[in-house]
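For the sequence shown, this note's numbering gives the first residue as 21, with consecutive numbering after it.
Beta carbons: idealized from backbone N, C-alpha and C, even for Gly.
This report refers to the structure that appears directly beneath it.
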Amino acid sequence: MMTVNSFEKGGSGGGPSECDGHYHSNKDLITALSTGWYAGGSRCFKPIRITSTQTGRTVVARVVDECDSHHGCKNNIVDTSQAVWDALGLDSNIGVVPVIWSDA
C-alpha cells in the first residue's frame, strides 16, 4: 500500500531521513519503506519501481528513509513524496492506494 509523506523539514515525516540524516524535497521521486523492506538500510539510495494498480503508470523512486513498523507504520507501506503521486496520476488526498513495487 502506498501512502503520502512529506520529507521536508517540518513536514509529516517528522525528523530527517534515516539514510542520510537530511531532509528532502517533496518534488523529488523518493520513498520510505516499511522496516522489513527497508532491511536495515540496505536499500538506502537504491531505486525501486512503483506501479499504480489504478492507473497502470510506473515510476522509479529512490529509497531515502524507513517507515518504522515498530512505531506505527504497517508492514506493507511504501511511503512516498508528492512527486511520486503526481507521476502516477494519483490524488494524494485519497491517503492510501494499492501499488506493486520491486527493486529497479
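Using only the alpha-carbon positions, how far apart do residue i and residue j sit?
i, j, result
"residue 74", "residue 107", "13 Å"
"residue 24", "residue 68", "16 Å"
Which residue's Cα is closest to the Cα of residue i: the options?
i, options, result
"residue 96", "82, 66, 42 and 52", "52"
"residue 132", "56, 120 and 104", "Only positions 21 to 124 of the chain appear in this structure, which leaves residue 132 out of reach."
"residue 124", "100, 110, 71 and 105", "71"
"residue 78", "94, 66, 109 and 87", "109"
"residue 27", "69, 104 and 43", "43"
"residue 125", "46, 35 and 119", "In the structure as shown, the chain starts at 21 and stops at 124, and residue 125 therefore has no counterpart that could be examined."
Is the distance from the Cβ of residue i to the Cβ of residue j below 8 Å?
i, j, result
"residue 85", "residue 37", "yes"
"residue 122", "residue 49", "no"
"residue 66", "residue 83", "yes"
- [ ] Pair every Cβ in the segment 57–65 with every Cβ in the segment 100–120, then say whether three or more of these pairs are closer than 8 Å.
- [x] The count of Cβ pairs closer than 8 Å, one atom from the segment 57–65 and one from the segment 100–120, stays below three, leaving the stretches out of contact.
Open item on the list: Quick check for students: name the residue ranges of the beta strand (DSSP E) that lie wholly in the segment 53–108, counting only runs of 3 or more.
Closed with: Counting only runs of 3 or more, we get 67–72, 78–87 and 98–100.
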